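K.L.:
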Amino acid sequence: MTYRNPPTTPRKSATFDDYTLSEIRRAAATGIYDIRGAGAKRKLPHFDDLLFLGASISRYPLEGYRERCDTSVVLGARHAKKPIELKIPITIAGMSFGSLSGPAKEALGRGATIAGTSTTTGDGGMTEEERGHSKTLVYQYLPSRYGMNPRDLRRADAIEIVVGQGAKPGGGGMLLGQKISDRVAQMRNLPKGIDQRSACRHPDWTGPDDLEIKILEIREITDWEKPIYVKIGGARPYYDTALAVKAGADVVVLDGMQGGTAATQEVFIEHVGQPTLACIRPAVQALQDLGMHRKVQLIVSGGIRNGADVAKALALGADAVSIGTAALVALGDNDPRWEAEYNELGTTAGAYDDWHEGKDPAGITTQDPELAARLDPIAAGRRLANYLKVMTLETQTIARACGKNDVHNLEPEDLCALTVEAAAMAQVPLAGTGWIPGKGGF
585 MTYRNPPTTP
595 RKSATFDDYT
605 LSEIRRAAAT
615 GIYDIRGAGA
625 KRKLPHFDDL
635 LFLGASISRY
645 PLEGYRERCD
655 TSVVLGARHA
665 KKPIELKIPI
675 TIAGMSFGSL
685 SGPAKEALGR
695 GATIAGTSTT
705 TGDGGMTEEE
715 RGHSKTLVYQ
725 YLPSRYGMNP
735 RDLRRADAIE
745 IVVGQGAKPG
755 GGGMLLGQKI
765 SDRVAQMRNL
775 PKGIDQRSAC
785 RHPDWTGPDD
795 LEIKILEIRE
805 ITDWEKPIYV
815 KIGGARPYYD
825 TALAVKAGAD
835 VVVLDGMQGG
845 TAATQEVFIE
855 HVGQPTLACI
865 RPAVQALQDL
875 GMHRKVQLIV
885 SGGIRNGADV
895 AKALALGADA
905 VSIGTAALVA
915 LGDNDPRWEA
925 EYNELGTTAG
935 AYDDWHEGKD
945 PAGITTQDPE
955 LAARLDPIAA
965 GRRLANYLKV
975 MTLETQTIAR
985 ACGKNDVHNL
995 EPEDLCALTV
1005 EAAAMAQVPL
1015 AGTGWIPGKG
1025 GF
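Its first residue numbered 585, the sequence shown is counted upward by one per residue in the working numbering.
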């Protein structure tokens, strides 16, 4: 009698998984690297790896419906004559007109204004829709200089000098020709329908000394009224934060690798930079070492999704957070109502990231007039305002549970970590112990 082994279930490689195999085949067939938008999709240590230690006997909680918990924040009081005062510590990140449609930019401005916070222009200049509907507008000053002019610098409420972005620190952005409409081309002073590549560094400075000169130039142009932000990607947060402060920044914006982008190489998005969670404590330490924590404000971005994320970023030392991808979802991006059209594009709602192609069924990441007309900026602005309200209420709920009457009073002592990696990155104890990796404890 012949003995046969029973059949086994085929086992696929964890290293060469289905996605990796498909990418190898795509690269072999096309000879070009993949470009996409959005942020990192790999699993990374994130805010979900932290938990709050609510008040009990050793801490006294606040009553949610009777005791005040403040959420307001002032940004840029270090040097600016007119610092920004926001009702909530959640701002809207820079996303360009070109990457986004005109109605989407208007909706962002409307929603931010209702919620009492700021929005940011992004690459490509300032649109009238955004300026007209944003009570507080931050103007991005990027290496490309697309759309940059002294008039708009003066019309803005703050200036954000972009040195790096979390999705692609050290790399420039992309805006492909299909999204270069007549209006986008005019604003950027470049040909219609031709791919545009933003520079990876500013053309007129190469280091912190030159950055200091540039900050002074902008202060003179704006009569020292506007706060000057410096945005850095999450690569070397301690040194980059310290150098930005020494160059004269009023605010540092720190963007981790979960931050999104309109379009860049996938290899950048997934393999360059550090997780947001790993970046906050070194940046805060730099501010503390310089005696500038809370004097120079820190805004954290990259994968912020809910009030718990906001509260955790504030507890780790941030003054505010910034949202991009989440804001687009609130407007209506990746909405299942367009599932059939996402399927026609070869994707599905929740996974659509081909923003550079300009075919977004939701009318948000497109310059197609018919698609853009699908987005009602008034209704979308209300949705964004609702989302910001919920995030703020969630942040307050957690702060009160920790006994805080101001969300900015949250501190690392209110946190513990679920994993050794998160404990090391956030410099808080591993849950159930007093042990912080690298610092000892029990």
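Using N, Cα and C, we set each Cβ at its ideal position, and we do this for glycine too. Given the structure is predicted, the values throughout are model-derived calculations rather than measurements.
Is Val-768 helix, strand or coil when you go by DSSP?
P.N.:
Within the sequence shown, the letter at position 184 stands for residue 768. Residue state, collapsed to three classes: helix.
K.L.:
Less than 7 Å between C-beta atoms, sequence neighbours within five positions excluded: which residues of the same chain meet that for Ala-1006?
P.N.:
As a position in the sequence shown, residue 1006 is number 422, starting the count at 1. Correct list, in chain order: Pro-629, Asp-633, Leu-634, Leu-861.
K.L.:
Would you please state the rounded distance, in angstroms, between the beta carbons of Ile-948 and Met-758? I believe it to be under 8 Å.
P.N.:
On the sequence shown, residue 948 is found 364 positions in, with the first residue counted as 1. On the sequence shown, residue 758 is found 174 positions in, with the first residue counted as 1. Contact doesn't hold; Cβ gap of about 18 Å is too wide.
K.L.:
Cβ of Gly-709 within 8 Å of Cβ of Asp-741?
P.N.:
Your numbering for residue 709 matches position 125 in the sequence shown. Your numbering for residue 741 matches position 157 in the sequence shown. The answer is no: Cβ separation not under 8 Å.
K.L.:
Whose C-beta lies closer than 6 Å to the C-beta of His-877 among residues of the same chain, with five residues either side of it excluded?
P.N.:
By one-based count along the sequence shown, residue 877 stands at place 293. Result list for His-877: Leu-871, in chain order.
K.L.:
Counting C-beta neighbours from all protein chains within 10 Å, is the total for Ala-689 16 or more, i.e. buried, or is it exposed?
P.N.:
Counting from one through the sequence shown, the residue named residue 689 turns up at place 105. Contrary to the premise, residue 689 reads as Lys rather than Ala in this sequence. Buried, because 16 or more other Cβ atoms sit within 10 Å of the Cβ of Lys-689.
K.L.:
Quick check on the DSSP output: what are the complete beta strand (DSSP E) runs of length 3 or more inside the region 926-1013, in order along the chain?
P.N.:
999-1001, all fully within the region 926-1013.
K.L.:
Considering only their Cβ atoms, is the gap separating Gly-942 from Lys-763 smaller than 8 Å?
P.N.:
Taking the first residue of the sequence shown as 1, we reach residue 763 at position 179. Taking the first residue of the sequence shown as 1, we reach residue 942 at position 358. Yes, the pair counts as a contact, with Cβ atoms nearer than the cut-off.
K.L.:
What residue range is occupied by the uninterrupted beta strand (DSSP E) comprising Glu-669?
P.N.:
Locating residue 669 in the sequence shown gives position 85, counting from the first residue. Segment 668-670, the beta strand (DSSP E) holding Glu-669.
K.L.:
Within 10 angstroms of the Cβ of Asp-998, are there 16 or more other Cβ atoms? Answer buried if so, exposed if not.
P.N.:
Within the sequence shown, the letter at position 414 stands for residue 998. Flag for Asp-998 reads buried.
K.L.:
For Asp-760, which option in Ala-751, Leu-774, Gly-748, Gly-754 has the closest C-alpha, if you only look at C-alpha atoms?
P.N.:
Indexing the sequence shown from 1 puts residue 760 at position 176. The question names Asp, but residue 760 is Leu in the sequence shown. Of Ala-751, Leu-774, Gly-748, Gly-754, the residue nearest in Cα terms is Leu-774.
K.L.:
Helix, strand or coil: how does DSSP classify His-855 here?
P.N.:
As a first step, residue 855 is located in the sequence shown; it is residue number 271 there, counting from the start. If DSSP states are grouped into helix, strand and coil, His-855 belongs with the helices.
K.L.:
Less than 8 Å separating the beta-carbons of Pro-792 and Leu-827?
P.N.:
On the sequence shown, position 208 is the one that residue 792 refers to. On the sequence shown, position 243 is the one that residue 827 refers to. It is a contact, given that the beta carbons lie within the stated cut-off.
K.L.:
Using C-beta distances below 8 Å, list every residue in its chain close to Gly-987, excluding the 5 sequence neighbours before and after it, in chain order.
P.N.:
Here residue 987 refers to the residue found at position 403 when the sequence shown is read from its first residue. Excluding sequence neighbours, Gly-987 sits near Ala-639, Arg-643, Tyr-644, Pro-645, Leu-646.
K.L.:
Taking the alpha-carbon of Gly-916 as reference, which of Lys-879, Leu-955, Asp-893 has the nearest alpha-carbon?
P.N.:
Walking along the sequence shown from the start, residue 916 turns up at place 332. Residue Leu-955 is the option with its Cα nearest to Gly-916.
K.L.:
If I measure Cβ to Cβ from Pro-667 and keep anything under 8 Å in the same chain, skipping five residues before and after, which residues do I get?
P.N.:
Position 83 of the sequence shown, counted from the start, is the residue given in the question as residue 667. Val-658, Leu-659, Gly-660, Ala-661, Pro-811, Asp-834, listed in sequence order.
K.L.:
Nearest to Thr-720 by CA position, among Gly-693, Asp-707, Asn-733, is which residue?
P.N.:
In the sequence shown, residue 720 corresponds to position 136, counting from 1. Cα-wise, what sits closest to Thr-720 is Gly-693.
K.L.:
Are the region 727-734 and the region 811-823 in contact at 8 Å, needing three or more beta carbon pairs?
P.N.:
In short, these stretches do not touch, since the Cβ pair count stays below three.
K.L.:
Per the DSSP calculation, Val-835 is bridged to which residue(s)?
P.N.:
Numbered from 1 along the sequence shown, position 251 holds the residue referred to as residue 835. For Val-835, which the question treats as bridged, DSSP gives the partners Tyr-813, Gln-881.
K.L.:
Report the residue ranges of all beta strand (DSSP E) runs contained in full by the region 643-720; include only those spanning at least 3 residues, in chain order.
P.N.:
Runs of the beta strand (DSSP E) inside the region 643-720: 657-659, 668-670, 674-676.
K.L.:
Within its chain, find whatever has a CB closer than 7 Å to the CB of Leu-795; leave out the 5 residues flanking it on each side and keep chain order.
P.N.:
By 1-based counting over the sequence shown, the position of residue 795 is 211. Cβ neighbours of Leu-795 beyond the five flanking positions: Trp-789, Ala-831.
K.L.:
For Gln-749 and Arg-984, I'd like the C-alpha separation in whole angstroms.
P.N.:
Translated into the one-based positions of the sequence shown, residue 749 becomes position 165. Translated into the one-based positions of the sequence shown, residue 984 becomes position 400. Their backbone Cα atoms lie some 33 Å apart in a straight line.
K.L.:
Quick one: give me the first and last residue of the beta strand (DSSP E) that Val-746 is part of.
P.N.:
The residue labelled residue 746 in the question sits at position 162 within the sequence shown. From DSSP, the beta strand (DSSP E) with Val-746 extends over 742-746.
K.L.:
Over the uninterrupted alpha helix (DSSP H) stretch that includes Ser-606, give me the two end residues.
P.N.:
Taking the sequence shown and counting its residues from 1, the one referred to as residue 606 is at position 22. Its alpha helix (DSSP H) spans residues 602-614.
K.L.:
Can you check which of these residues, Ile-778, Glu-978, Arg-785, is closest to Lys-896 by C-alpha distance?
P.N.:
Counting from one through the sequence shown, the residue named residue 896 turns up at place 312. Among Ile-778, Glu-978, Arg-785, the Cα nearest to that of Lys-896 is on Glu-978.
K.L.:
Tell me the DSSP secondary structure of Arg-620 in three-state form.
P.N.:
As a working note, residue 620 is residue 36 in the sequence shown. Note: Arg-620 maps to strand in three-state DSSP.
K.L.:
Nearest by alpha-carbon distance to Cys-863: which of Phe-631, Arg-626, Tyr-603, Ser-597 is it?
P.N.:
Reading the sequence shown from its first residue, position 279 is the one you call residue 863. With distances taken between Cα atoms, Cys-863 lies closest to Phe-631.
K.L.:
DSSP puts Ser-906 in a beta bridge; with which residues?
P.N.:
Reading the sequence shown from its first residue, position 322 is the one you call residue 906. Paired residue(s): Thr-675, Ser-885.
K.L.:
Could you please give me the residues that DSSP links to Arg-781 through a beta bridge?
P.N.:
For the purposes of this step, residue 781 is identified with residue 197 of the sequence shown, where counting begins at 1. Looking at the DSSP assignment, Arg-781 forms a beta bridge with Met-758.
K.L.:
Looking at C-alpha atoms only, which residue of Asn-927, Asp-766, Gly-700, Gly-886 is the closest neighbour of His-717?
P.N.:
Residue mapping note: residue 717 aligns to position 133 of the sequence shown, counting from 1. Taking only the C-alpha atoms, the option nearest His-717 is Gly-700.
K.L.:
Let me confirm a value: Tyr-603 is counted as buried when at least 16 other C-beta atoms fall within 10 Å, else exposed. Which label applies?
P.N.:
Stepping through the sequence shown from its first residue, residue 603 is reached at position 19. Flag for Tyr-603 reads exposed.
K.L.:
Tell me whether the beta-carbon of Pro-859 lies closer than 8 Å to the beta-carbon of Gly-840.
P.N.:
Along the sequence shown, one-based indexing puts residue 859 at 275. Along the sequence shown, one-based indexing puts residue 840 at 256. Result yes, Cβ atoms of Pro-859 and Gly-840 sit closer than 8 Å.
K.L.:
Could you give the distance in angstroms between the alpha-carbon of Ala-1010 and the alpha-carbon of Asn-993?
P.N.:
Sequence index remark: in the sequence shown, residue 1010 carries index 426 (1-based). Sequence index remark: in the sequence shown, residue 993 carries index 409 (1-based). If I take the Cα positions, the gap works out to 17 Å.
K.L.:
Going straight from the alpha carbon of Arg-652 to that of Asn-989, what length do you get?
P.N.:
In the sequence shown, residue 652 corresponds to position 68, counting from 1. In the sequence shown, residue 989 corresponds to position 405, counting from 1. So the two alpha carbons sit approximately 6 Å from each other.
K.L.:
Give a yes or no on whether the C-beta atoms belonging to Leu-959 and Ala-946 are separated by under 8 Å.
P.N.:
Residue mapping note: residue 959 aligns to position 375 of the sequence shown, counting from 1. Residue mapping note: residue 946 aligns to position 362 of the sequence shown, counting from 1. Yes, the Cβ-Cβ distance between Leu-959 and Ala-946 is below 8 Å.
K.L.:
What do you get for Phe-600, buried or exposed, if any count of 16 or more other CB atoms within 10 angstroms of its CB means buried?
P.N.:
As a first step, residue 600 must be located in the sequence shown, where it is residue number 16. Exposed: under 16 other Cβ atoms inside 10 Å.
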